[in-house]
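Note that the protein sequences, when read in sequence, are chains E and X.
Using our numbering, you'd call the opening residue of the first sequence number 7 and step up by one each time.
Using our numbering, you'd call the opening residue of the second sequence number 1244 and step up by one each time.
Beta carbons: idealized from backbone N, C-alpha and C, even for Gly.
A quick note: this is a predicted structure, and the numbers were derived from the prediction, not measured.
Here the structure comes first, spelled out in structure tokens, and everything after it is commentary.
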Amino acid sequence: MCQGYGHPAAARIRARDNALMRRAQRCLWRNALLRGPVILHRKRLLYALALAQTSASAPFPGCYKERFHDPHFIRPATARCVFLPTMNSPLLKSRTLWISVAVLAVIGLVVAVALMWRPAIAPIKRPTSFDSAQLQRGARVVEAGDCAVCHTRPGGEYLAGGLPLVTPFGTLYSTNITPDAQTGIGEWSLPAFERAMREGIARDGHFLYPAFPYVHYRRMSAADIADAYAYLMSGPAVHAPARQNQMNFPMNIRPLVSFWNLLFLHGEPLTPLAEHSAAWNRGRYLVDGPGHCAGCHSPLNLIGAEKSSEYLLGGSVDGWEAPALVGLGQRANPWNREQLLGYLRADVVDGHGTPAGPMRPVSLSLARLPASEAEAIADYLLSLQSPHAVTETTPKKPSNPTDHSSGALLFSSACAGCHAAAAPMREIDGRPGLQNTSALQAASSRNFLKTVLEGVPAIPGAPGPVMPPFAASLDNAQLGALAAYLREQARPDQPWADLSSTIEALRQETK
Amino acid sequence: MSQITLTVNGAAQALELEPDMPLLYALRNHLNLNGAKYGCGLGQCGACTVIVDDKPVFACLTPCAGLEGKKIRTVESLGSAEKPGPLQAAFIDKQAAQCGYCIAGMLMRAQSLLERDPHPDEQTICEHMAGNLCRCGTHLRIIEAIKQVAGHSGSLT
């Protein structure tokens, strides 16, 4: 029944259809704004138009199909979906349209400003008089919050910033939090400081990056924040301008952090839970509040926020594995309270070793606090049960035993001076054998390899073991042989499978 | 015993060594390069420091196996008593040695820094030299000597 392509009637209909579609396109956005999103598939739109037409004049039902072959036909939209226009809406012609557009624009602007703009808080003259009890409390809060771990660069002035923080989104430099008026926080009032701690906004209104753990600090008590403020304000002012961050686009646009905050910034100051002891509550406060343990010990999602569903289930930081903190007493190499207490305070403990890598400065901080703080943390952490049942595997030798003689030779050459059973460090100082350390017991070889490559550097002024770095002394094959040999002694049932690729990756990272 | 070829101060030396022998023993006992000293044997003092491929290492903890093809340099490569190198001359100039036992290691660690960064500031020098100890306590003179070379525009070799 369909007319031929060159038929005059068909041509007439085509022209009329095209005019119809042009009008439809013209009012597309106006209608979209006025009517809200009535979204139809393109094919259904064509049917709708054709039906409208056939019901009006409809001499040739079915002719709409011709449009698919007509090169001059104006496609309704480039996208697969379009808005269904209402052709004769009186709204289109009225002032209401433009008023609505204006209202929507204003609402959009208000929302954008509310999200992405924060006012500056007026500068003040640096306050100087705080009572000494408050300063003492503040010093402890600053220590528990590990402020100096990031806000002091190696060799730099205390709390004057400048430490590079390498993130997947670029490199950040920590800032100066000494009370210097120009480059530090000397002009910050307590409300400005509290806003920064709870919402991640600097005094002048700019958004701070979430590498600063305000997600956790917002859970602190107002008293602790005030004490920390007093302590920071009473310290020596150091003139140290912030270094320019090297963030990749679009993360170099700070207001975008507001969207991150919208998604991840929630949680109120922690209140004690009645069913638990005071020590447990104190531990929870230290872990979730100032200590921000989950910052490293929880995995991060694609945009650098902690996965709340995997709270303290283990993460990674600077190439090190930050192990899970739940189920510490349930695992194959379990922790008891005494071991955890010693470890948290930077001691060398039997069965696990001593904190290395990024945990070392954290444990040294904890060691400077009263012992009750580490006890509280240990009580809380040991109460956290692993969501996964422990699967104790029965040790079974691999079917084809590997030859570890080269690893054994390397051990006697490079490690035995300190780590052999008869070495003075172990005989006199009572250090544990390597096979009992967490690094060799862990499922991942990362922390063992990182320790061998980088050693345990001396921290000026801090006590503790020192181990030389072996990055330049051992090549990849030697490192692999050594790791396989020692793992065989620690966990003969579970050799590390991924050694050479992990070593390769770590070498790339530390270049 | 196995045959290991070490490239020391530019010359390839084929040696019959136990593969677990640390480099320090090969240098002192097989090659008569007695500059590097045995101090603690634990990588804690730095008296044995030599340069392997531009990086300072503790020769007492570095196995010979695995060093084939790498460029090993000892204090003997810096100059001689008659013709000391610039860093050695600066150590003499500043009278940086007392008993002298640590000095070969100090020189090699400082040398590796100055090759990487010819004009380090004092902070960098102190951080870099932290791995080497001087029992006589001449650290301040040692740092002065390194600073003297770091201030010079002349080359180190």
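Continuous beta strand (DSSP E) stretch holding residue i: start and end
i, result
"ARG1316 (chain X)", "1314-1316"
"TRP326 (chain E)", "326-328"
"ILE178 (chain E)", "Checking the displayed sequence, the identity of residue 178 (chain E) turns out to be Leu instead of Ile. Counting along the chain, the beta strand (DSSP E) containing LEU178 (chain E) begins and ends at 176-179."
Cβ neighbours of residue i in the same chain (closer than 7 Å, five flanking residues each side left out)
i, result
"LEU279 (chain E)", "ASN287"
"GLN484 (chain E)", "LEU416"
"ARG1384 (chain X)", "LYS1337, GLN1338 and ALA1339"
"CYS424 (chain E)", "MET431"
"GLN1246 (chain X)", "ALA1257 and GLU1259"
"LEU446 (chain E)", "LEU440, PHE454, LEU492, ARG493 and ALA496"
"ALA236 (chain E)", "PHE136, GLN140, LEU141 and GLY144"
"LEU1321 (chain X)", "GLY1328, LEU1330, GLN1331, LEU1350 and GLN1354"
Neighbourhood of residue i by C-beta distance below 8 Å, restricted to the same chain and skipping five residues each side
i, result
"GLY348 (chain E)", "VAL354 and VAL355"
"ILE1386 (chain X)", "GLU1365, ILE1368, CYS1369 and MET1372"
"ARG351 (chain E)", "SER369, LEU372, ALA373, ALA377 and ALA380"
"ASN254 (chain E)", "PHE175 and GLY176"
"LEU334 (chain E)", "PRO340, TRP341, LEU346, LEU387, LEU388 and LEU390"
Three-state class that DSSP yields for residue i in the structure shown
i, result
"THR457 (chain E)", "helix"
"LYS1390 (chain X)", "helix"
"GLN188 (chain E)", "coil"
"GLN252 (chain E)", "strand"
"LEU505 (chain E)", "helix"
"PHE213 (chain E)", "strand"
"VAL172 (chain E)", "strand"
"PRO1306 (chain X)", "strand"
"VAL462 (chain E)", "strand"
"ILE183 (chain E)", "coil"
"ILE383 (chain E)", "helix"
"ILE1385 (chain X)", "helix"
"PHE89 (chain E)", "Confidence at PHE89 (chain E) is low in this model, with a pLDDT of 46, below 50, so its placement is unreliable and the value that follows should be read with caution. Strand."
"VAL244 (chain E)", "coil"
"GLY413 (chain E)", "helix"
"ASP294 (chain E)", "helix"
"PHE218 (chain E)", "coil"
"LEU390 (chain E)", "coil"
"CYS1379 (chain X)", "coil"
Own chain residues within Cβ distance below 6 Å of residue i, not counting five before or after
i, result
"ILE1389 (chain X)", "ALA1353 and ILE1368"
"GLY1397 (chain X)", "Low confidence applies to GLY1397 (chain X): its pLDDT is 45, below 50, so where it sits in the model is not reliable enough to give any reading."
"GLU200 (chain E)", "ILE231"
"ARG159 (chain E)", "GLY168 and LEU169"
"GLY301 (chain E)", "PRO219"
"VAL323 (chain E)", "CYS302 and PRO364"
"SER412 (chain E)", "ALA487"
Beta-bridge partners of residue i, as assigned by DSSP
i, result
"ALA1257 (chain X)", "X:THR1248"
"THR158 (chain E)", "E:GLY167"
"PRO1240 (chain X)", "This structure cannot settle anything about residue 1240 (chain X), because the visible part of chain X is limited to 1244 through 1400."
"VAL323 (chain E)", "E:TRP326"
"LEU306 (chain E)", "E:GLU312"
"PRO1265 (chain X)", "X:PRO1306"
"ILE207 (chain E)", "E:PHE213"
First and last residue of the uninterrupted alpha helix (DSSP H) at residue i
i, result
"VAL116 (chain E)", "101-122"
"PHE270 (chain E)", "263-270"
"PRO1329 (chain X)", "1329-1336"
"MET365 (chain E)", "365-373"
"ARG143 (chain E)", "138-150"
"GLY357 (chain E)", "Element bounds for GLY357 (chain E): n/a, residue is neither H nor E."
"CYS1369 (chain X)", "1365-1372"
"ILE231 (chain E)", "228-240"
"GLU1358 (chain X)", "1346-1359"
"VAL472 (chain E)", "That residue, VAL472 (chain E), is in no alpha helix (DSSP H); it is neither H nor E in DSSP."
"GLU1319 (chain X)", "No alpha helix (DSSP H) holds GLU1319 (chain X); DSSP gives it neither H nor E."
"MET431 (chain E)", "430-433"
"TRP341 (chain E)", "Careful: TRP341 (chain E) lies outside any alpha helix (DSSP H) and carries neither H nor E."
"ARG493 (chain E)", "482-496"
"CYS424 (chain E)", "422-425"
"ALA445 (chain E)", "444-447"
Test: residue i CB closer than 8 Å to a CB of chain C
i, result
"ALA478 (chain E)", "Absence of chain C from the displayed structure is noted, the protein chains being E and X."
If you measure beta-carbon to beta-carbon, which residues of the stretch 413-426 of chain E are closer than 7 Å to chain X?
Look at the stretch 413-426 of chain E: the residues with a C-beta under 7 Å from a C-beta of chain X are LEU415, LEU416, SER418, SER419, ALA420, GLY423 and CYS424.
Against chain X: residues of the stretch 169-190 of chain E by CB proximity under 8 Å:
The stretch 169-190 of chain E vs chain X, Cβ under 8 Å: nothing.
Would you list, in chain order, the members of the stretch 149-162 of chain E that have their beta-carbon closer than 8 Å to a beta-carbon of chain X?
Near chain X, meaning a CB-to-CB distance below 8 Å, the residues of the stretch 149-162 of chain E are PRO160 and GLY161.
Under 7 Å (Cβ pairs) to chain E, residues found in the stretch 1276-1292 of chain X
Taking a C-beta cut-off of 7 Å against chain E, the contacting residues of the stretch 1276-1292 of chain X are GLY1284, LEU1285, GLY1286 and GLN1287, listed in chain order.
Where the stretch 1297-1312 of chain X meets chain E: residues whose CB sits under 7 Å from a CB there
Listed in sequence order: LYS1298, VAL1300, PHE1301, LEU1304, THR1305, PRO1306 and GLY1309.
Check distances from the C-beta atoms of the stretch 1244-1263 of chain X to those of chain E and list, in chain order, the residues that come in under 9 Å.
So the close ones are GLU1261, PRO1262 and ASP1263.
Members of the stretch 1364-1386 of chain X that neighbour chain E once the beta carbon cut-off is set at 9 Å:
Going along the stretch 1364-1386 of chain X in chain order, one finds GLN1366, THR1367, CYS1369, GLU1370, ALA1373 and GLY1374 with a Cβ nearer than 9 Å to chain E.
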